[in-house]
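Input: a single structure, listed below in structure tokens.
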Amino acid sequence: MSILYDYHLHSAFSGDSDAPAERMAERALDLGLKGLCFTEHQDPDAPDTGIDFTVDFASYFACMERLRAQYRGRLQIGAGMEFGIQPHLPGTLQALCETWPFDFVIASLHFVDGQDPYYPSFFEGHSERERYEQFFRTQLETLQAFPPESYDTLGHMDYIVRYGPNRSRFYSYEAYAEQIEPILQFLIGHGKCLEVNTGGFRQGLGEPNPCAGVLRRYRELGGELITIGSDAHEPQSLCYAFDQAAELLRGLGFRYYAVFERRNMRMERL
Ligand SMILES: [Zn+2]
Ligand SMILES: [Zn+2]
Numbered sequence: 005m006s007i008l009y010d011y012h013l014h015s016a017f018s019g020d021s022d023a024p025a026e027r028m029a030e031r032a033l034d035l036g037l038k039g040l041c042f043t044e045h046q047d048p049d050a051p052d053t054g055i056d057f058t059v060d061f062a063s064y065f066a067c068m069e070r071l072r073a074q075y076r077g078r079l080q081i082g083a084g085m086e087f088g089i090q091p092h093l094p095g096t097l098q099a100l101c102e103t104w105p106f107d108f109v110i111a112s113l114h115f116v117d118g119q120d121p122y123y124p125s126f127f128e129g130h131s132e133r134e135r136y137e138q139f140f141r142t143q144l145e146t147l148q149a150f151p152p153e154s155y156d157t158l159g160h161m162d163y164i165v166r167y168g169p170n171r172s173r174f175y176s177y178e179a180y181a182e183q184i185e186p187i188l189q190f191l192i193g194h195g196k197c198l199e200v201n202t203g204g205f206r207q208g209l210g211e212p213n214p215c216a217g218v219l220r221r222y223r224e225l226g227g228e229l230i231t232i233g234s235d236a237h238e239p240q241s242l243c244y245a246f247d248q249a250a251e252l253l254r255g256l257g258f259r260y261y262a263v264f265e266r267r268n269m270r271m272e273r274l
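Offset between the sequence shown (1-based) and this note's numbering: plus 4.
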């Protein structure tokens, strides 16, 4: 395996996972990783889905300290968060970053119009194209509301295609270039990373999120900064399809990926 760090994963500190953090770390050791970074769901002011997507950060950081002591010299353990961006939440994110010593922050758009695209009702009464375009437009507008220093990477940029009625059948970079290119330009212009989320492979899309076409365009535009994560919610999904992702990325001309410690970026060879 040439990718030795998994920088997007969840444990029981996230509302939708029941995996003990220690089991994720054990699995990482078994797989021969050098490091992993927990990125727990922090989605303040989320639409009511019956799941609490906020983290008890005091317990979380206490656990991270325990694990770091336990695995010192064997496995690097990052404490990060996947923050669910919404236009009114920049202050909330900044306050969290001032309070807790995060290694890494993923900014992810999980909600549009106060609704979660994960549920089919999001698409009712709208064409798939309309909703996909709206998702990308909202993503850019929301990112623009956040100070660039408040996050490190944009999570699963096109993950809405996991949930549309036709999923990625009519989706490609070209079909949505008008909405997607400005997002890529924005990230490049602000020195932010684009995440390569291998959950897309796990979800049966045959590619990561974002798709190969988007990654190709990012590279063409001069984008070099990527982070890589499996979005595992259980130990067996850690590093999912990392070999396929590495092959794809190298084929597109990427040679490095970024990892973060206390919000400082370091490049690792692909
Ligand atoms: Zn997410
Ligand atoms: Zn996630």
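All C-beta atoms, glycine included, are put in the ideal place defined by N, C-alpha and C. Just so we're clear, the structure is a prediction, and the values are computed from it rather than from any experiment.
In the DSSP output, what is residue i paired with across the bridge?
i    : result
V165 : Answer is none; V165 lacks a bridge partner.
C197 : T157
C215 : Note: C215 sits in no beta bridge, so no partner.
H45  : E86
N268 : E265
Taking 8 Å as the cut-off, is the CB of residue i close to at least one heavy atom of ligand 1?
i    : result
Y163 : yes
E44  : no
G159 : yes
H114 : yes
E224 : no
E86  : yes
Would you say the beta carbon of residue i comes nearer than 8 Å to a heavy atom of ligand 2?
i    : result
I110 : yes
E238 : no
L19  : Before going on, a small fix: residue 19 reads as Gly here, not Leu. No, the Cβ of G19 stays beyond 8 Å of every heavy atom of ligand 2.
D235 : yes
E26  : no
G14  : Looking at the sequence itself, residue 14 is His, so the reference to Gly does not match. Yes, the beta carbon of H14 sits closer than 8 Å to at least one heavy atom of ligand 2.
E265 : no
E134 : no
Have a look at the options and flag the residue whose alpha-carbon is nearest the alpha-carbon of residue i.
i    : options                   : result
I187 : G129, A245 and E137       : E137
S131 : R171, L209, R273 and R220 : R171
I7   : R259, A250 and N268       : A250
I2   : R31, H92 and L100         : Shown here, the chain extends from 5 to 274; a query on residue 2 therefore has no answer.
F42  : L33, A25 and L198         : A25
E44  : D34, A66, F108 and H14    : H14
Y180 : R72, R221 and P151        : R221
E185 : T202, L93, G217 and G208  : G217
D52  : C243, A23, D120 and G208  : D120
I89  : L209, G95 and L113        : L113
Pull up the CB-CB distance for residue i and residue j, whole angstroms please, since I reckon it's below 8 Å.
i    : j    : result
F264 : D156 : 6 Å
G226 : N213 : At roughly 21 Å, the Cβ-Cβ gap does not stay under 8 Å, so G226 and N213 are not in contact.
D107 : R267 : 7 Å
L147 : A99  : Incorrect: roughly 19 Å between the Cβ atoms, too far for contact.
R166 : L209 : 7 Å
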